[in-house]
Amino acid sequence: MGTLLALASAVCYGLSDFGGGLLSRRAGFVAVALAGQVGGLVLALAAAPAFPVTAVPPSDLGWGALSGVGTGVGMLSLFRGLSRGAMSVVVPVSAVSGVALPAVVGVALLDDHPSALSWFGIAVAVPALWLVSRGGPAGGRRTGASAFDGLVAGTGIALQYVALAQAAPRAGAWPVVTGRLAAALTILPLLLTAGTAARRAGVRQVLLAAGAGALAATALMFYLAATREEMLVVAVVLSSFYPAIPVLLGITALRERLNVPQTAGLLGAAAAIGLLTLG
């Protein structure tokens with residue numbers, strides 16, 4: 001069950017990033033990021049009562065809030081990189097760092113002990129994520145800045161995953177609620193100080209961004225449930241296959257063609273999912 005929950009998280013995140021990435025090229029990336037977190041907060045508030053709760057101590061809400069700070073930083077950096085048109089750099093760097101850092105934390109600090117088969121799956125997953133995320137070549141002068149955006153985004157995503165996994169099952173989905181609130185508060189000061197281009201967004205774009213954020217909050221709820229069934233390292237790796245979703249949507253909906261690295265990456269991702277499921 002944990003495997004399916006983590007993969008459901010990846011699907012929701014992939015759909016969210018596909019929509020948010022397109023919007024960040026048409027509207028201000030700060031406005032898109034903030035609207036997404038507000039949409040996620042509304043969805044999380046509506047869904048939280050459906051989850052069983054025995055107690056909601058401040059420590060669990062604190063872990064959720066710390067997760068939200070990671071979300072806010074990660075989404076701002078990701079959308080800034082995408083708004084620069086450097087998807088081929090920022091997405092793979094963020095994807096790989098976002099899965100590698102929690103895996104290291106899980107093994108080194110949280111006493112995760114993956115099986116040999118799971119380790120093999122993780123070893124296959126990291127290069128597969130890089131390959132499947134690769135698009136066309138990025139502009140030379142933008143590569144360094146985009147790699148930095150991707151690294152910061154991946155670090156924020158790693159913090160989101162690690163912190164949220166520390167919230168106990170007793171708190172239900174309320175850590176996700178506090179996380180969306182913290183993410184919005186993390187982004188809000190930048191919205192107030194950013195230039196006009198970063199804040200530019202029409203009503204339709206704001207609503208679409210809010211919808212993408214609601215999907216991301218759904219992804220986090222699936223991920224939170226997965227961490228209660230699986231080790232952190234396995235849940236993170238499976239949830240991190242979200243870059244495959246925009247690639248598959250590009251093939252089916254936008255009639256795009258796969259390049260050789262992306263084909264190899266998708267095959268590697270499929271193999272990694274099989275190994276992690278069996279492990």
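The sequence shown begins at 1 in UniProt numbering and counts up one residue at a time. Built from N, CA and C at the ideal position, the CB exists for glycine as well.
Item, Value
"Can you round the beta-carbon distance between Leu-238 and Leu-78 to whole angstroms, since I take them to be within the 8 angstroms contact cut?", "The pair is not a contact, with the Cβ atoms about 20 angstroms apart (cut-off 8 angstroms)."
"Where Ala-158 and Ala-125 are concerned, what is the direct C-alpha to C-alpha distance, given to the nearest angstrom?", "16 angstroms"
"Would DSSP call Ala-272 helix, strand or coil?", "helix"
"Mind checking whether Ala-217 and Ala-50 have CB atoms under 9 angstroms apart?", "no"
"Output the residue ranges of the alpha helix (DSSP H) runs that lie fully inside the UniProt domain \"EamA\" (2-133) and measure 4 residues or longer, sorted by chain position.", "2-24, 29-47, 58-83, 87-108 and 116-133"
"Report all residues from its chain with a CB closer than 6 angstroms to the CB of Ala-226; omit the five preceding and five following residues, and keep chain order.", "Gly-2, Leu-5, Ala-6 and Ala-235"
"Which residue from Ile-273, Tyr-13 and Leu-101 puts its Cα closest to that of Val-152?", "Leu-101"
"Is the beta carbon of Gly-213 sitting closer than 9 angstroms to the one on Asp-149?", "no"
"Which two residues bound the contiguous alpha helix (DSSP H) that contains Ser-239?", "232-239"
"Alpha carbon to alpha carbon, how far is Ala-219 from Tyr-242?", "10 angstroms"
"To the nearest angstrom, report how far apart Leu-117 and Gly-268 are at their CA atoms.", "15 angstroms"
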